[in-house]
Structure formats: structure tokens, C-alpha cells
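A.B. asks:
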């Protein structure tokens with residue numbers, strides 16, 4: 134005897150070998166023997182063979198008219214054999230009964246299961262809703278198939294174009310547009326990105342990169358909520374110093390300024406004045422929450438996304454002609470030896486005498502002009518509004534501080550490559566379209582104004598870092614154990630040495646309008662200035678504060694992402710520059726097997742023909758095709774330009790782990806701590 138039974142939601146049939154009151158031993162066609170509960174045995178029969186019965190019943194089940202079967206079914210529970218007798222005839226055959234069982238089982242929207250072999254018909258209203266949903270799904274499947282066919286032909290449906298960036302980077306895998314792309318990708322054997330490129334979905338490579346960045350990092354948009362900048366309520370004394378800032382002309386968040394007093398007296402006081410939003414913005418406030426959500430200003434060629442709204446920034450920026458609240462570090466030096474004899478931190482107002490712009494002054498403020506009082510430029514370059522004596526002293530001090538750091542580092546800093554500046558012609562700070570004419574210019578690392586600002590900021594960040602530690606106040610520090618390859622800069626709450634810069638401790642504190650870590654450290658520094666040795670009790674963040682570790686983690690991730698995007702956009706505009714100027718070959722330097730760095734552009738690329746060339750070899754490279762979406766470009770060596778014996782050794786630290794994109798950082802000069810140090814980041 135044979136039997137049909139249900140097992141794990143499937144119908145099976147086999148020969149009954151033995152049968153007890155509660156179960157039976159059944160042998161399947163495969164020879165496998167299974168134990169089946171008696172309640173699961175739905176039909177017993179002598180013939181035909183089980184496989185034949187299931188085959189014929191399955192074919193017959195598809196002829197059953199569901200609407201008619203639903204009409205015949207009673208309102209109460211019923212067995213499949215009962216409905217078979219109502220639908221087919223009172224003498225429904227074994228095949229017909231089995232066909233009804235199979236059919237009822239596969240249409241739960243018509244008939245709900247009410248037990249083993251028993252069913253109940255769905256209410257009319259529920260059935261109609263289910264049928265409508267099934268029809269909708271069928272139509273959707275047809276739409277997906279139609280979209281997939283269009284994509285396969287190289288055409289992009291509007292619906293897919295609208296969802297392009299979500300499909301590629303944050304897909305809803307149940308969305309029809311995504312499913313259409315997947316289906317077309319499988320049918321054409323093309324990767325989704327390649328498929329969409331060929332279908333013309335990506336009409337602007339720049340927007341592709343920009344929209345991807347926004348989707349991943351600013352899903353709610355880049356706009357700011359309406360916020361009122363809190364006012365500084367402290368009665369701050371007015372400093373006797375007359376300070377000046379040094380920034381790029383595009384800088385609106387002026388964080389720092391410098392002053393020099395008592396020149397010629399033998400004892401000079403240098404002031405490093407930092408904008409003081411920490412005196413007004415409090416932890417947990419609306420402005421603080423906004424800064425904490427963004428964590429840093431995002432830089433890119435021709436554009437930036439500020440950490441705080443401009444209306445807020447302008448309340449604290451060190452604007453020329455104003456008495457601005459500041460956290461000031463005063464260092465007292467011996468004018469002859471430049472030895473620092475004392476330092477003091479003050480909360481005060483400082484008169485900002487001038488906002489100097491280095492891009493307007495680099496040709497004037499040269500090393501010769503600073504070091505030789507008798508040196509004069511051509512008449513057209515003379516300026517009477519520049520404090521030459523102060524800048525000369527600051528440059529002398531900067532070189533001295535740099536020399537001390539190099540002794541601590543154990544090796545000199547390398548300034549053998551320039552920085553690159555990007556200018557989008559006619560952009561004027563508006564969001565780029567991606568089609569602007571790009572100009573790329575160079576600034577030699579270690580230029581006098583760069584060095585003055587960089588060394589002053591290093592001095593402030595290291596001095597305040599040690600001061601917080603001395604007062605038992607935690608801060609956010611950057612440290613590096615050694616200059617050995619692979620030893621990276623880390624962020625933490627302990628004042629540890631920074632080998633890359635050559636200081637005992639280093640806490641970013643000089644850009645509170647642009648970096649959230651600097652704002653956090655400013656709160657801690659303000660507590661030290663107000664409370665001294667008892668500052669740990671009053672500081673917003675206490676030792677081992679979990680919130681401080683959370684900020685470090687979030688900042689680290691965001692800062693790496695922002696820098697990665699900046700590098701990608703610099704590479705994008707470099708490739709645009711090649712196209713716009715019809716540059717088909719470049720001169721570069723081999724820095725490791727297969728890779729060449731262009732000598733006069735911020736470009737690193739893989740190059741064929743370098744496998745047998747040593748590091749430092751000069752080559753002319755024929756450029757290949759440019760892909761603005763993947764930012765890929767490759768080249769081939771066409772000529773070696775130096776003799777083998779002339780190849781110099783290149784010990785530049787940054788060459789140890791070069792990036793595939795441009796290495797230049799296009800930011801304001803006061804953001805550069807030590808241009809060739811491991812931690813030289815914006």
C-alpha cells in the first residue's frame with residue numbers, strides 16, 4: 134500500500150512498510166525510509182505508483198478554476214477530499230482528490246490551512262485585497278522586466294535615473310529599480326556601474342562623486358537649521374597687543390592671529406590668539422550638537438562645507454578692525470637666543486589690526502625680504518601696511534622652533550615637493566558644476582608665511598597639550614610612538630609624544646571654528662585658565678569620560694572620510710586639467726614598482742615599463758584614457774630622462790605609503806602643523 138503525506142510543508146508519497154496506531158514506516162522512491170505520524174497520512178492507495186499519481190495530479194490541479202472552487206467551498210472548515218467531491222463529482226477519483234489537495238495548498242489567498250488536509254476559504258473582502266496585491270506584484274514584475282530590457286539595450290529608464298545614487302550606494306534591495314538593475318546586470322554580464330554608465334544614467338561625473346558623498350555623509354542635506362549664535366557674556370579685558378592673521382583669501386573662518394610686542398627690548402612677547410567660540414557655545418547646546426554632528430569643515434577644490442553656519446562663525450571669527458574675544462597664549466622669549474622663558478594663557482579681547490592673505494603676499498614676504506632689512510623688491514611689490522619687523526622676528530623664531538623639533542625628531546623635515554592650489558575659474562565659492570576651467574598652481578612647502586603660521590600653531594598646540602596634562606585635565610591628543618614605517622598617528626586622551634612633529638604632546642586646539650576636537654580642547658583650556666590646578670573639577674570633560682572617547686571615535690571616522698573625499702576631488706580636477714589642456718604626456722618620478730608621481734602635478738598613477746627602474750628614476754610617461762567616474766588613469770613609459778648613475782635616493786617619509794590619488798592638501802596655511810611630518814594634515 135502507498136500513502137501521500139505531508140512533511141515540512143511538502144507533499145511526499147511512498148510505500149507503507151509498517152503501520153502502528155500513531156505512526157507508519159514509509160519508504161520513498163529514493164529508498165529512504167521515514168517515520169510518519171498517523172495524523173500526517175492524508176491518502177492511502179494501492180495504485181498507481183506514487184510518482185505517477187503526483188505527476189498526473191499536479192497537471193490536473195492547474196485546471197481547477199479557483200473562483201469556482203471558492204464558491205463551492207463551505208463557510209466552515211472542510212477537507213480537501215470533500216471539496217474534490219463537490220467540485221469534480223461525488224465519486225471524485227484518487228487523482229482528482231490529490232489534485233485538489235495540491236491546488237488548495239498552493240493558493241493560501243483563496244484557502245487558508247486549518248489543519249492537516251483541512252482548509253477554510255478566505256473571506257470575500259480579504260480575497261479581493263489579496264488578488265489586487267497579486268496583480269500589482271505581477272504588474273511590477275512586468276515593469277522590472279521592461280526596465281531591465283531597456284538597460285540591456287543601453288537606455289536608462291527615468292525611474293532608475295532618479296534612484297541612481299541610492300541604487301549604487303544605499304540600495305533598497307526590495308525596490309523595483311534596484312531589482313531591474315540587478316536583472317539587467319545578470320543578463321548582460323556587466324557590473325552595475327558599468328551597465329549604468331553605458332545606459333547614460335551618469336550624465337555628470339562630478340555630480341556622481343558629489344551626490345555619493347552627500348548620500349553617505351549628509352543624507353538630510355548640507356543646509357543648516359536656523360540657529361542664533363550665543364553671545365560671550367564674560368567681561369574680558371582688552372589686550373595691549375595688535376594682532377594680525379595670515380590666511381588664504383578664501384578663508385572665512387579665521388581661527389588664529391599672531392602678535393609681537395617689545396621688539397628691541399631684549400625680551401619679546403609673542404602672542405598666539407585663537408578665536409574663542411568656547412566662551413559662548415556650551416556642551417550640549419544646539420550649536421554644539423550641530424558641530425558635533427559635522428565634526429569638521431569639509432574642504433574640496435573651489436568649495437567647502439563649513440562645520441558651523443557662517444552666521445554663527447562671524448560672531449567669533451577674528452575679523453580685521455574688531456576687538457575679538459580670544460584664548461591667547463603669550464610666550465616670553467630672549468630676543469637674542471630665542472629661548473622661551475615663560476608662557477601664559479589669557480581669556481581676553483584682542484584688537485585684530487589686519488587679516489593678511491598669503492596668496493597676495495607670497496611674492497613680497499620672501500626669505501630675502503625677511504632676513505635682510507636693506508633688501509627691497511621692485512617698486513610694484515612694495516607694501517607699507519605690512520609689519521616687516523614683526524614678520525622678520527616671527528620667521529627667525531619659526532626657523533629656530535623648527536630646528537629644535539628636527540633635533541627631537543632625529544632627522545630633518547623634507548620640503549622637496551610643493552603643495553598644489555586649485556582654482557575653479559569663475560566659481561567664487563559656489564557649488565561647482567564639474568565643468569569649470571581649473572587652474573593648478575604650486576606653493577613650495579616651507580614658504581616663509583607657511584612656516585611662521587605652522588610653527589606658531591605647533592607651539593600653541595604642544596604648550597596647551599602639556600598644560601592640560603599638568604592640571605590633570607583630559608584633552609584630545611594626537612600622538613605617534615616613532616618614525617618607523619607603519620607607526621601611525623593615533624588619537625587619545627593622554628598626553629603622549631608625537632614623534633612625527635617632535636614634541637612631547639600635541640593637542641589640536643587652534644581651529645575651534647573648523648574642527649570639533651579643537652572646540653572640545655578649548656573648553657578644557659578655558660577651564661585651566663579659570664581654575665588652574667582645580668580645573669579637573671570644573672572642566673566639561675572629566676578623566677576617562679566615555680563621551681570624550683566617543684567624540685574621538687566619531688571624529689577619526691569623519692575626518693578620514695572628509696580627507697578621502699578631498700583627495701578624490703583633487704584627483705578629479707587634476708584629470709580635468711589634463712583634459713582641458715590636452716596634456717598627453719607628463720614627466721614623473723618612479724617611487725615604487727609600477728607607480729609614478731608627476732613632477733609638476735598632484736598626480737600619482739600606475740605606469741607600465743617601470744618594473745626594472747629604480748626608485749627616483751625620471752621618466753616621460755604617455756598617458757592613457759581617463760575615467761572620470763572611477764578616477765582611473767594609467768600610463769606607459771616612453772623615455773627615461775636621467776642616466777642610471779644620476780638617480781638620487783629619495784628618503785621622503787610620505788613616500789613610504791603613498792596614496793593612489795593626489796597627495797596635496799588644499800587648505801589654509803594655518804591648518805598645516807609640519808608640512809612634511811607624518812601628522813601634516815589639514
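In our numbering, the protein residues as written are 134 to 815. For every residue, glycine included, the Cβ atom is placed at its ideal position computed from N, Cα and C.
Which term fits residue 145, buried or exposed, when burial requires 16 or more other beta carbons within 10 angstroms of its beta carbon?
C.D. replies: For the purposes of this step, residue 145 is identified with residue 12 of the chain shown, where counting begins at 1. It is buried - the Cβ of residue 145 has at least 16 other Cβ atoms within 10 Å.
A.B. asks: Using C-beta distances below 7 Å, list every residue in its chain close to residue 539, excluding the 5 sequence neighbours before and after it, in chain order.
C.D. replies: Translated into positions along the chain shown, residue 539 becomes position 406. Around residue 539: 545, 546 and 635.
A.B. asks: Please classify residue 390 as buried or exposed, where buried requires at least 16 other C-beta atoms within 10 Å of its C-beta.
C.D. replies: By 1-based counting over the chain shown, the position of residue 390 is 257. Classification of residue 390: buried, given that the 10 Å Cβ count is 16 or more.
A.B. asks: Please state whether DSSP places residue 298 in a helix, a strand or coil.
C.D. replies: For this step, residue 298 is matched to residue 165 along the chain shown. Three-state result, residue 298: helix.
A.B. asks: Helix, strand or coil for residue 802? Go by DSSP, reduced to three states.
C.D. replies: Here residue 802 corresponds to residue number 669 of the chain shown, with the count starting at 1. Here the model assigns residue 802 a pLDDT of 29, short of 50, so the residue's position is not dependable, and the following value carries that caveat. Residue state, collapsed to three classes: helix.
A.B. asks: Assign residue 657 to buried or exposed, taking buried as 16 or more other Cβ atoms, counted over all protein chains shown, within 10 Å of its Cβ.
C.D. replies: Walking along the chain shown from the start, residue 657 turns up at place 524. Answer is buried; the Cβ neighbour count reaches 16.
A.B. asks: For the 8 Å Cβ check, are there 3 or more pairs between the segment 700-712 and the segment 450-458?
C.D. replies: Result no; under three Cβ-Cβ pairs closer than 8 Å.
A.B. asks: Skipping 5 residues on each side, what residues in its chain have a beta carbon closer than 6 Å to that of residue 143?
C.D. replies: For the purposes of this step, residue 143 is taken as residue 10 along the chain shown, with counting starting at 1. Contacts found: none.
A.B. asks: How about the segment 680-694 and the segment 639-652: do they share at least three Cβ pairs that are nearer than 8 Å?
C.D. replies: With the cut-off at 8 Å, the segment 680-694 and the segment 639-652 touch.
A.B. asks: Measuring CB to CB, does residue 433 end up less than 9 Å from residue 702?
C.D. replies: Counting from one through the chain shown, the residue named residue 433 turns up at place 300. Counting from one through the chain shown, the residue named residue 702 turns up at place 569. Yes, they are a contact pair.
A.B. asks: Quick check on residue 212: does DSSP put it in helix, strand or coil?
C.D. replies: Taking the first residue of the chain shown as 1, we reach residue 212 at position 79. Three-state result, residue 212: strand.
A.B. asks: Check this for me: beta carbons of residue 151 and residue 171, under 9 Å apart or not?
C.D. replies: Taking the chain shown and counting its residues from 1, one reaches residue 151 at position 18. Taking the chain shown and counting its residues from 1, one reaches residue 171 at position 38. Cβ distance not < 9 Å, so residue 151 and residue 171 don't count as in contact.
A.B. asks: Using CA atoms only, rank isn't needed, just tell me which of 184, 365, 673 and 168 is closest to residue 162.
C.D. replies: Working through the chain shown from its first residue, we reach residue 162 at position 29. Ranking 184, 365, 673 and 168 by Cα distance to residue 162 puts 184 first.
A.B. asks: Alpha carbon to alpha carbon, what distance is there between residue 335 and residue 282?
C.D. replies: Looking up residue 282 in the chain shown gives position 149. Looking up residue 335 in the chain shown gives position 202. When rounded, the distance between both Cα atoms is 18 Å.
A.B. asks: Output the distance between the C-alpha atoms of residue 360 and residue 557, rounded to the nearest integer angstrom.
C.D. replies: Locating residue 360 in the chain shown gives position 227, counting from the first residue. Locating residue 557 in the chain shown gives position 424, counting from the first residue. Cα to Cα, the separation comes out at about 31 Å.
A.B. asks: Compare the beta carbon distance of residue 221 and residue 237 with 9 Å and say whether it is the shorter of the two.
C.D. replies: Position 88 of the chain shown, counted from the first residue, corresponds to residue 221. Position 104 of the chain shown, counted from the first residue, corresponds to residue 237. No; because the gap between Cβ atoms is not below 9 Å, this pair is not in contact.
A.B. asks: One question on the structure: do residue 655 and residue 642 come within less than 9 Å of each other, judged by their Cβ atoms?
C.D. replies: Here residue 655 corresponds to residue number 522 of the chain shown, with the count starting at 1. Here residue 642 corresponds to residue number 509 of the chain shown, with the count starting at 1. Yes, the pair counts as a contact, with Cβ atoms nearer than the cut-off.
A.B. asks: Assess contact between the segment 472-481 and the segment 361-379, defined as three or more Cβ pairs (one per stretch) separated by less than 8 Å. Is contact present?
C.D. replies: The segment 472-481 vs the segment 361-379: in contact.
A.B. asks: Quick one: grab the DSSP three-state call for residue 351.
C.D. replies: Here residue 351 is taken as the residue at index 218 of the chain shown, counted from 1. Coil, per DSSP.
A.B. asks: When DSSP labels each residue in this structure, what does residue 630 get in the three-state scheme?
C.D. replies: Your numbering for residue 630 matches position 497 in the chain shown. Coil at residue 630, not helix or strand.
A.B. asks: Once DSSP output is grouped into helix, strand and coil, what is the label at residue 691?
C.D. replies: Your numbering for residue 691 matches position 558 in the chain shown. It is helical.
A.B. asks: For the alpha helix (DSSP H) that residue 591 lies in, which residues bound it at each end?
C.D. replies: The residue labelled residue 591 in the question sits at position 458 within the chain shown. Note, residue 591: alpha helix (DSSP H), 581-603.
A.B. asks: Is there at least one non-hydrogen atom of the ligand FAD closer than 8 Å to the beta-carbon of residue 134?
C.D. replies: As for the ligand FAD, it is missing from this structure, which has no ligand bound.
A.B. asks: Give me the Cα-Cα distance between residue 555 and residue 276, rounded to the nearest whole angstrom.
C.D. replies: Translated into the one-based positions of the chain shown, residue 555 becomes position 422. Translated into the one-based positions of the chain shown, residue 276 becomes position 143. C-alpha separation (whole angstroms): 46 Å.
A.B. asks: Cα separation between residue 383 and residue 290?
C.D. replies: Walking along the chain shown from the start, residue 383 turns up at place 250. Walking along the chain shown from the start, residue 290 turns up at place 157. Whole-angstrom Cα-Cα distance: 41 Å.
A.B. asks: Going by alpha carbons, who is nearest to residue 286 out of 256, 295 and 322?
C.D. replies: In the chain shown, the residue the question calls residue 286 occupies position 153. Cα-wise, what sits closest to residue 286 is 322.
A.B. asks: Go to residue 659, then tell me how far its alpha helix (DSSP H) extends in each direction, as first and last residue.
C.D. replies: Working through the chain shown from its first residue, we reach residue 659 at position 526. Taken as a continuous stretch (DSSP letters only), the alpha helix (DSSP H) holding residue 659 covers 649-664.
A.B. asks: Using DSSP with H/G/I as helix, E/B as strand and the rest coil, what is residue 437?
C.D. replies: Stepping through the chain shown from its first residue, residue 437 is reached at position 304. Three-state result, residue 437: strand.
A.B. asks: Below 6 Å CB to CB, which residues in the same chain sit around residue 178 once its five sequence neighbours on both sides are set aside?
C.D. replies: As a first step, residue 178 must be located in the chain shown, where it is residue number 45. If we look at residue 178 and ignore the five residues flanking it on each side, its Cβ neighbours are 135 and 227.
A.B. asks: Classify residue 293 as helix, strand or coil using the three-state DSSP reduction.
C.D. replies: The count along the chain shown starts at 1 and reaches residue 293 at position 160. Residue state, collapsed to three classes: helix.
A.B. asks: Which class does residue 556 belong to by DSSP, given the choice of helix, strand or coil?
C.D. replies: Indexing the chain shown from 1 puts residue 556 at position 423. Strand, per DSSP.
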